[in-house]
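Enquirer:
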Amino acid sequence: MAIVSANMTDRNELIARLTALTRDLVLIPSTESRPDERRRAVEFVANHLEALDGIDIQRHRSRGYESLVALPEGVDQPEVLFCGHVDVVEHAHLERYGSTVENGRIIGPGAGDMKGAVAIILELFRQWQSRQPGVSIGLAITSDEERGGTDGVRYLLEDQGLRCGQAIVPDGGSLNDLTVAEKGVLHVRLTTMGQTSHGARPWLGDNALQRLLERLQPINDHFMRDRPTHIDPDGDHWFTTCTTTIVKTSNTTANCVPDDAEAVLDIRFTPPASVSMIVDKVKELAGPVVGVQPMMQAEPSHLDPDPVFRDVTEQVTGRPVRTVRASGGSDARFFCQFGIPVNLSRPNVGQLHADDEWIDIESMAVYFEICDTYLRQKFA
Ligand SMILES: [Zn+2]
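Quick note: the sequence shown uses the numbering used here, first residue 447, plus one each step.
(1) Which stretch, first to last residue, makes up the beta strand (DSSP E) that contains threonine 690?
(2) Can you name the start and end residues of the beta strand (DSSP E) that glutamate 730 belongs to?
(3) Below 8 Å between beta carbons: does that hold for leucine 464 and alanine 565?
(4) Among all residues, which have a Cβ less than 6 Å from at least one non-hydrogen atom of ligand 1, and in what chain order do they fall?
(5) When you compare each of Glu483, Gln606, Ser722, Glu592 to histidine 506 by their alpha carbons, which one comes out closest?
(6) Measure the alpha-carbon distance for methionine 602 versus leucine 608 and round it to whole angstroms.
(7) Is it right to say aspartate 617 is buried, meaning 16 or more other beta carbons lie within 10 angstroms of its own, or is it exposed?
(8) Would proline 787 be called buried (16 or more neighbouring beta carbons within 10 Å of its own) or exposed?
(9) If we count the other Cβ atoms within 10 Å of its Cβ and call it buried at 16 or more, is asparagine 493 buried or exposed?
(10) Could you give the first and the last residue of the continuous alpha helix (DSSP H) run that contains tyrosine 820?
(11) Counting along the chain, where does the alpha helix (DSSP H) carrying cysteine 782 start and finish?
(12) Within 8 Å, do at least three Cβ pairs link the region 545 to 553 to the region 802 to 820?
(13) DSSP puts tryptophan 804 in a beta bridge; with which residues?
(14) Contact defined as beta carbons within less than 8 Å: I believe leucine 517 pairs with glycine 611. What is the distance between those atoms, to the nearest angstrom?
(15) Mapping DSSP to helix, strand and coil, what is alanine 700?
(16) Using DSSP with H/G/I as helix, E/B as strand and the rest coil, what is leucine 570?
(17) Is there contact here, the region 571 to 583 with the region 469 to 488, by at least three beta-carbon pairs under 8 Å?
(18) Using a Cβ-Cβ cut-off of 8 Å (strictly less than) and excluding sequence neighbours within five positions of isoleucine 677, which residues of its own chain qualify?
(19) Within the same chain, show all residues whose beta-carbon is closer than 8 Å to that of proline 664, passing over the 5 residues directly before and after it, in chain order.
(20) Less than 6 Å between C-beta atoms, sequence neighbours within five positions excluded: which residues of the same chain meet that for glycine 737?
(21) Between which two residues does the alpha helix (DSSP H) harbouring alanine 646 extend?
(22) State the Cα-Cα distance for the pair asparagine 794 and leucine 650, rounded to the nearest angstrom.
(23) Could you say which of Pro717, Glu745, Gly520 lies nearest to serine 776 if we only look at CA atoms?
(24) Using alpha carbons as the reference points, say which of Val767, Ala497, Phe715, Gly645 lies closest to arginine 671.
(25) Provide the residue span of the alpha helix (DSSP H) that contains aspartate 757, from first to last.
(26) Measuring straight from C-alpha to C-alpha, what distance separates leucine 662 and cysteine 817?
(27) Does the region 705 to 722 come into contact with the region 679 to 694, if we say contact requires no fewer than three beta-carbon pairs (one atom in each stretch) closer than 8 Å?
(28) As a quick exercise: from Ser696, Ile614, Lys629, Asn458, pick the residue whose alpha carbon is nearest that of glycine 640.
(29) Give me, in chain order, the residues of the same chain whose beta-carbon lies closer than 6 Å to that of threonine 546; leave out the 5 immediate sequence neighbours on both sides.
(30) Quick check on the burial criterion: 16 or more other C-beta atoms within 10 angstroms. Buried or exposed for leucine 540?
(31) How would you write the range of the alpha helix (DSSP H) that glutamate 483 sits in, first residue to last?
(32) What does a CB cutoff of less than 6 Å around alanine 466 pick up in its chain, not counting 5 residues either side in sequence?
(33) Going by Cα to Cα distance, which pick from Lys727, Asn701, Asp522 is closest to arginine 647?
(34) Just to confirm, are valine 399 and arginine 756 a CB contact at a threshold of 8 Å?
(35) Tell me which same chain residues have a C-beta within less than 8 Å of the C-beta of valine 758, skipping the five on either side of it?
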């Protein structure tokens, strides 16, 4: 009985600690437009690691984006690397970034993606390094995942040569959903130029906006052709999609024919298609008058999670694990490029990127236990 109650106290303490850490992180509005706040969020993590002896904390900066790698001294390629990001998407109308706790959930911008998960991996790293100093576990924290990871995880792996045996990235899937593949991504900008004229005499001009809109439809139709007519919300949505996310012109006058226009498409594609195949197809469909500039791009990736992690998840949750193929991309893809296996699952989260984004507190403790048990199996 005494042991049980001690464990309960430990668990309650863990939950209180993870909740407080998450809420402190949510308070920092670490968005794209606020470089100081992104730096502050990385600083916050660094401060929590300072009390640990024998840990080397490397701070990095690429084009204004801060990141941090914490490793035991003398270890440069940890067997296990936890990886998370502290940036959150912009909420233009929000005056204050903060959270509430209701019905067992922490609700606030970034709680689910992924400040709650950062709290967990920070606490795991801290506990393991104090309990078993020098254990071959590392922690990488970046601040540009939401804009593509170029100056975060890509930078750490490609430019700084960071490697590990196994990466754990709690930024996709769910508690019992282990991600095995992610779609490829292409964000592409389309531009047209025309000739301005009075709106009453459009034949004198060349409407760049109209021209662009005419080209968008066949592109959308082409990439959406494999989409099933009925989409099962719980199914895995392993088909190519294309959606127009931005359309604009510099023209602001109602009776003026616009002489420039721009659109951005977000295309998510499945293998065997590749970035270059998708770019070529967009160029072909857009035709010669439309400029095509690829922006963010990523090949489809195959994640290869550790079967031991899968078994441990089933053992801790008492429920079977589903392997899923994800529509969204994550930083996991950079590890895949170097042949590093990734465990990509996470606590239960919802309303991602909305104001009322949430993370389920109980599932945070369960995810902690999954990782903790996995590490015990690896390092016992
Ligand atoms: Zn994320």
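Quick reminder that beta carbons are idealized off the backbone N, C-alpha and C, glycines included.
Expert: Considering the structure as presented:
(1) In the sequence shown, residue 690 corresponds to position 244, counting from 1. Start and end: 687 to 694.
(2) Walking along the sequence shown from the start, residue 730 turns up at place 284. Looking at the DSSP string, glutamate 730 is not in any beta strand (DSSP E); the run it does join, the alpha helix (DSSP H), is 721 to 732.
(3) For the purposes of this step, residue 464 is taken as residue 18 along the sequence shown, with counting starting at 1. For the purposes of this step, residue 565 is taken as residue 119 along the sequence shown, with counting starting at 1. It is a contact, given that the beta carbons lie within the stated cut-off.
(4) His531, Asp559, Met560, Glu591, Asp617
(5) Here residue 506 is taken as the residue at index 60 of the sequence shown, counted from 1. Ranking the options by Cα distance to histidine 506, first place goes to Gln606.
(6) Walking along the sequence shown from the start, residue 602 turns up at place 156. Walking along the sequence shown from the start, residue 608 turns up at place 162. Inspection of the sequence shows that residue 602 is occupied by leucine rather than by methionine. C-alpha separation (whole angstroms): 6 Å.
(7) Position 171 of the sequence shown, counted from the first residue, corresponds to residue 617. Buried is the call here.
(8) What you label residue 787 is simply residue 341 of the sequence shown in a count that begins at 1. So proline 787 counts as buried.
(9) Taking the sequence shown and counting its residues from 1, one reaches residue 493 at position 47. Its Cβ having fewer than 16 others within 10 Å, asparagine 493 is exposed.
(10) By one-based count along the sequence shown, residue 820 stands at place 374. 807 to 825 is the extent of the alpha helix (DSSP H) around tyrosine 820.
(11) Reading the sequence shown from its first residue, position 336 is the one you call residue 782. Cysteine 782 -> alpha helix (DSSP H) spans 778 to 783.
(12) yes
(13) Your numbering for residue 804 matches position 358 in the sequence shown. Paired residues: Ile553, Gly796.
(14) Against the sequence shown, residue 517 aligns to sequence position 71. Against the sequence shown, residue 611 aligns to sequence position 165. About 13 Å separates the two Cβ atoms, so there is no contact after all.
(15) In the sequence shown, the residue the question calls residue 700 occupies position 254. Of the three classes helix, strand and coil, the one that applies to alanine 700 here is coil, per DSSP.
(16) Here residue 570 refers to the residue found at position 124 when the sequence shown is read from its first residue. Note: leucine 570 maps to helix in three-state DSSP.
(17) no
(18) Against the sequence shown, residue 677 aligns to sequence position 231. Taken in chain order, the residues that qualify are His683.
(19) As a working note, residue 664 is residue 218 in the sequence shown. The residues are Leu731.
(20) Sequence index remark: in the sequence shown, residue 737 carries index 291 (1-based). So the qualifying residues of the chain are Thr637.
(21) Along the sequence shown, one-based indexing puts residue 646 at 200. Here alanine 646 belongs to no alpha helix (DSSP H), and DSSP marks it neither H nor E.
(22) Locating residue 794 in the sequence shown gives position 348, where the first residue counts as 1. Locating residue 650 in the sequence shown gives position 204, where the first residue counts as 1. Answer to the nearest angstrom: the Cα atoms are 58 Å apart.
(23) For this step, residue 776 is matched to residue 330 along the sequence shown. Out of Pro717, Glu745, Gly520, Glu745 has the C-alpha closest to the C-alpha of serine 776.
(24) As a working note, residue 671 is residue 225 in the sequence shown. Minimum Cα distance to arginine 671 is reached at Phe715.
(25) In the sequence shown, the residue the question calls residue 757 occupies position 311. Where aspartate 757 is concerned, the enclosing alpha helix (DSSP H) stretches over 753 to 763.
(26) To locate residue 662, count along the sequence shown from 1; it is residue 216. To locate residue 817, count along the sequence shown from 1; it is residue 371. Spanning the two alpha carbons is a distance of roughly 45 Å.
(27) yes
(28) Residue numbering aside, residue 640 sits at position 194 when the sequence shown is read from its first letter. When only C-alpha atoms are compared, the closest one is Ser696.
(29) Translated into the one-based positions of the sequence shown, residue 546 becomes position 100. The residues are Ile553.
(30) Within the sequence shown, residue 540 is the residue found at index 94, counting from 1. When all chains shown are included, leucine 540 counts as exposed.
(31) The sequence position of residue 483 within the sequence shown is 37, counting from 1. Looking at the DSSP string, the run of the alpha helix (DSSP H) that includes glutamate 483 is 481 to 495.
(32) Position 20 of the sequence shown holds residue 466. Result list for alanine 466: empty, nothing under 6 Å.
(33) Taking the sequence shown and counting its residues from 1, the one referred to as residue 647 is at position 201. Of Lys727, Asn701, Asp522, the residue nearest in Cα terms is Asn701.
(34) Lying before the first or after the last residue shown, residue 399 is absent from the chain, which here runs from 447 to 826.
(35) Stepping through the sequence shown from its first residue, residue 758 is reached at position 312. So the qualifying residues of the chain are Ile816, Thr819, Tyr820, Gln823.
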